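Reading through the structure tokens given below for one structure.
Number of protein chains: 2
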Amino acid sequence: MDLKAYLARKREQVEAALATFMLQPDGLLAGHIESMRYSLFAGGKRIRPVLCLAVSEALHVDPTPYLPLACSLECIHTYSLIHDDLPAMDNDDLRRGKPTNHKVFGEAAAILAGDSLLTFAFELLAAPGPVGSLSSAERLRIIALIARAIGPLGMVGGQSLDIESEGKPISFETLQYLHSCKTGALITAAVQTGAVIGRADETRFAALTTYGRQIGLAFQIVDDLLNVEGTAEQLGKAVGSDARHDKATYPSFFGVEKTREMAKAAVAGAVEALADFDDQAEPLRELARYIYYRKR
Amino acid sequence: MDLKAYLARKREQVEAALATFMLQPDGLLAGHIESMRYSLFAGGKRIRPVLCLAVSEALHVDPTPYLPLACSLECIHTYSLIHDDLPAMDNDDLRRGKPTNHKVFGEAAAILAGDSLLTFAFELLAAPGPVGSLSSAERLRIIALIARAIGPLGMVGGQSLDIESEGKPISFETLQYLHSCKTGALITAAVQTGAVIGRADETRFAALTTYGRQIGLAFQIVDDLLNVEGTAEQLGKAVGSDARHDKATYPSFFGVEKTREMAKAAVAGAVEALADFDDQAEPLRELARYIYYRKR
Chain S
5 MDLKAYLARK
15 REQVEAALAT
25 FMLQPDGLLA
35 GHIESMRYSL
45 FAGGKRIRPV
55 LCLAVSEALH
65 VDPTPYLPLA
75 CSLECIHTYS
85 LIHDDLPAMD
95 NDDLRRGKPT
105 NHKVFGEAAA
115 ILAGDSLLTF
125 AFELLAAPGP
135 VGSLSSAERL
145 RIIALIARAI
155 GPLGMVGGQS
165 LDIESEGKPI
175 SFETLQYLHS
185 CKTGALITAA
195 VQTGAVIGRA
205 DETRFAALTT
215 YGRQIGLAFQ
225 IVDDLLNVEG
235 TAEQLGKAVG
245 SDARHDKATY
255 PSFFGVEKTR
265 EMAKAAVAGA
275 VEALADFDDQ
285 AEPLRELARY
295 IYYRKR
Chain U
5 MDLKAYLARK
15 REQVEAALAT
25 FMLQPDGLLA
35 GHIESMRYSL
45 FAGGKRIRPV
55 LCLAVSEALH
65 VDPTPYLPLA
75 CSLECIHTYS
85 LIHDDLPAMD
95 NDDLRRGKPT
105 NHKVFGEAAA
115 ILAGDSLLTF
125 AFELLAAPGP
135 VGSLSSAERL
145 RIIALIARAI
155 GPLGMVGGQS
165 LDIESEGKPI
175 SFETLQYLHS
185 CKTGALITAA
195 VQTGAVIGRA
205 DETRFAALTT
215 YGRQIGLAFQ
225 IVDDLLNVEG
235 TAEQLGKAVG
245 SDARHDKATY
255 PSFFGVEKTR
265 EMAKAAVAGA
275 VEALADFDDQ
285 AEPLRELARY
295 IYYRKR
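Going line by line, the protein sequences match chains S and U. Adding 4 to a residue's 1-based position in the first sequence gives its number in this note's numbering. Adding 4 to a residue's 1-based position in the second sequence gives its number in this note's numbering.
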């Protein structure tokens with residue numbers, strides 16, 4: 005299959021949906037909404053919503069009516085980037101090759117743009133009116149899955165641990181936990197959202213959860229690798245910024261060669277988890293492989 | 005009726021519930037959870053959860069099984085205070101007479117404590133398992149009401165407008181809109197949450213919404229008055245800090261005397277909205293009056 009064409013198609017679907025569902029800058033709050041839109045439409049790869057849609061398709065369910073749920077995942081991801089880039093956090097000036105939100109709108113506005121994107125995600129998830137054929141109970145389950153994944157025991161907890169660990173020696177176990185919270189949890193939640201939409205039974209839900217965890221892991225390991233190997237152009241941010249901040253990374257524990265093996269193993273684990281799925285799951289398998297080969 | 009005793013009783017119920025439902029500091033994330041708890045248990049008046057419980061009682065429904073929903077309102081309120089106090093925002097050193105979150109834990113940790121409290125609120129709202137006799141559809145409606153109230157077109161939008169307006173001349177209409185978003189929206193959502201719990205019909209839901217809007221307004225006007233008239237001890241923060249920041253307030257538009265009349269009118273409007281409720285709504289009426297007389 006042609007993964008690039010598939011991703012481009014799905015991404016286009018997500019872009020159109022984001023343009024539809026996102027607030028327009030208008031009236032007294034135009035400036036605030038503009039700051040939300042700046043980062044939301046800064047050209048992300050939309051991996052999380054695309055994953056959600058692809059999982060639903062792997063379960064033979066047309067994801068079109070569920071696009072607002074997929075969009076909520078991108079709002080959450082964008083909020084996390086805005087807050088991570090803040091001067092008090094990673095203090096990054098560039099994101100996806102463009103000035104970070106706080107560089108353009110100021111620190112206060114950037115904090116609030118993040119707060120609003122996070123909250124708006126829950127507006128999308130709970131919006132009045134039907135969402136495809138999902139029951140209210142299923143929608144509630146999705147909200148619970150996502151909220152849990154991105155809260156104190158998930159994404160924010162991971163970021164907190166990351167900040168606390170800066171410049172300190174940490175164990176590999178701490179690094180693993182940190183990554184599974186900071187990056188893995190939202191990716192897994194995106195997959196699980198697709199699984200609820202596609203009405204996966206318990207066995208398939210568990211298999212997809214494993215798939216999500218493994219690609220989340222692969223994603224983070226490859227990110228660490230790219231930070232060592234990549235060019236600024238590929239990353240859209242300064243190369244070696246992790247090393248500059250004394251951050252523990254997979255290569256700092258295992259060296260580049262061993263880290264590459266670990267990334268490949270995670271990808272293999274993800275593909276393996278989908279053994280019982282038919283060829284509708286081919287994009288998911290290709291996507292897992294693509295994580296390893298992106299930008300190389 | 006003895007409002008003080010009623011409020012003390014309800015507040016105690018909320019404190020116990022917060023202690024039950026809030027995460028315990030444990031393991032790698034202990035520091036992060038400690039920073040959330042610091043502000044959550046800093047001795048707030050718990051007005052929003054108490055309002056939610058009191059509305060449910062006014063509708064003859066025992067609110068005990070719905071305490072997690074009431075607690076979510078306090079998590080949201082606490083998050084908003086932590087972010088408002090940040091150096092990039094109002095830059096306050098004191099809150100409720102104690103050092104603000106970022107003074108104790110640092111700026112990065114404070115931003116993340118706020119992010120986690122906001123997200124944890126949605127965990128509470130969507131948690132697996134039944135909540136009293138609420139249907140999933142009713143729970144979804146509550147999440148939608150709250151998310152909308154505190155997002156870009158609600159609380160965060162109001163805070164954004166507040167920051168943008170600092171030191172600039174703004175119209176009274178802008179001030180009104182700002183207040184209705186920043187303070188009014190969450191108070192109204194607290195009342196509406198109680199209304200859904202109490203299964204208010206459309207007429208009563210509308211009446212309670214009016215009640216919520218009017219006490220929200222009264223609350224803000226009195227806050228402006230206290231900032232001019234009060235003592236640091238009463239406020240738990242520096243007196244005159246609004247004037248120091250060149251913020252537009254009700255007294256700066258109308259003077260203290262006229263502003264007092266406006267506060268009284270808002271309280272009267274709130275009490276009026278409850279005309280068709282029986283004496284189970286007496287705490288709500290007293291609470292409206294109390295807003296005007298608090299700390300005087």
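Cβ atoms here follow ideal geometry from the backbone N, Cα and C, with glycine treated the same way. The structure displayed is predicted, hence computed values, not measured ones.
Using a C-beta cut-off of 8 angstroms, the region 114-124 of chain S makes contact with the region 82-99 of chain U, since at least three inter-stretch Cβ pairs fall below that distance.
In terms of beta-carbon proximity, residue 253 of chain U stays away from the interface with chain S, with every pair separated by 8 angstroms or more.
The beta carbon of residue 71 of chain U lies closer than 6 angstroms to those of 21 in the same chain, with the five residues before and after it left out. For the C-beta of residue 124 of chain S, the chain U residues within less than 7 angstroms are, from N- to C-terminus, 155, 156. Note: residue 103 of chain S is bridge-paired with S:98 in the DSSP secondary-structure output. In the structure shown, residue 186 of chain U adopts helical secondary structure according to DSSP, grouped into three states.
Residue 40 of chain U sits away from residue 139 of chain U, with the two beta carbons spaced by 8 angstroms or more. If you check the CB distance, residue 147 of chain S and residue 147 of chain U come in under 8 angstroms. With its beta carbon less than 8 angstroms from one in chain S, residue 181 of chain U belongs to the interface. For the region 35-52 of chain S, the set of residues with a beta-carbon nearer than 7 angstroms to any beta-carbon of chain U comprises 35, 36, 37, 40, in chain order.
Taking 8 angstroms as the threshold, the shortest C-beta distance from residue 82 of chain S to chain U does not fall below it.
In this structure, residue 270 of chain U sits away from residue 196 of chain U, with a CB-CB distance that is not shorter than 8 angstroms. For residue 140 of chain U, the nearest CB of chain S lies under 8 angstroms from its own CB, placing it at the interface with that chain. In this structure, residue 63 of chain U lies near residue 204 of chain U, with their beta-carbon atoms less than 8 angstroms apart. Excluding five sequence positions before and after residue 58 of chain S, the CB atoms of its chain that fall closer than 6 angstroms to its own CB belong to 287, 288, given in chain order.
Its Cα nearest to that of residue 143 of chain S, the residue U:126 stands out among U:49, U:158, U:83, U:126. Any Cβ of chain U closer than 8 angstroms to the Cβ of residue 111 of chain S would place that residue at the interface, and such an atom is present. Sixteen is the threshold: since fewer than 16 other Cβ atoms of the shown chains lie within 10 Å of the Cβ of residue 28 of chain S, the residue is exposed. S:221 is the residue among S:177, S:221, S:173 whose C-alpha sits nearest the C-alpha of residue 191 of chain S. Taking residue 87 of chain U as the centre and dropping the five residues before and after it, the same chain places the C-beta of 118 closer than 6 angstroms to its C-beta, in chain order. Just so you know, the alpha carbons of residue 9 of chain U and residue 255 of chain U end up roughly 32 angstroms apart.
When secondary structure is reduced to three states using DSSP, residue 28 of chain S falls in the coil class, being assigned neither helix nor strand. Under the 8 angstroms criterion on CB atoms, residue 127 of chain S is classed as interfacial with respect to chain U. When CB distances to chain S are screened at a threshold of 7 angstroms, the residues of the region 145-178 of chain U falling below it are 147, 148, 151, 152, 154, 155, 156, 157, 160, 161, 163, 164, 165, 167, 168, 178, in chain order. Contact between the region 170-179 of chain U and the region 43-54 of chain S is not established, with fewer than three Cβ pairs separated by less than 8 angstroms.
Distance from the Cα of residue 174 of chain U is smallest, within the candidate group U:67, U:24, U:251, for U:251. Chain-ordered listing is empty here: chain U has no CB closer than 9 angstroms to the CB of residue 278 of chain S, the nearest sitting near 26 angstroms. Just measuring C-alpha positions, the residue of U:226, U:76, U:267 sitting nearest residue 129 of chain U is U:76. If you compare the alpha carbons of U:280, U:260, U:36, U:69 with that of residue 215 of chain U, the shortest gap goes to U:280. The beta carbon of residue 292 of chain S is closer than 6 angstroms to those of 219, 271, 274, 275 in its chain, skipping five residues each way along the sequence. Spatial neighbours of residue 107 of chain U in its own chain (CB-CB distance under 6 angstroms, excluding positions within 5 residues in sequence) are listed in chain order as 97.
Positions of the alpha helix (DSSP H) runs, each at least 4 residues long and wholly inside the region 190-242 of chain U, are given as 206-233, 236-239 in order along the chain. When secondary structure is reduced to three states using DSSP, residue 295 of chain S falls in the helix class. Assigned with DSSP and collapsed to three states, residue 90 of chain U falls in coil, not helix or strand. Listed along chain S, the residues sitting closer than 8 angstroms to residue 131 of chain U by beta-carbon distance are 148.
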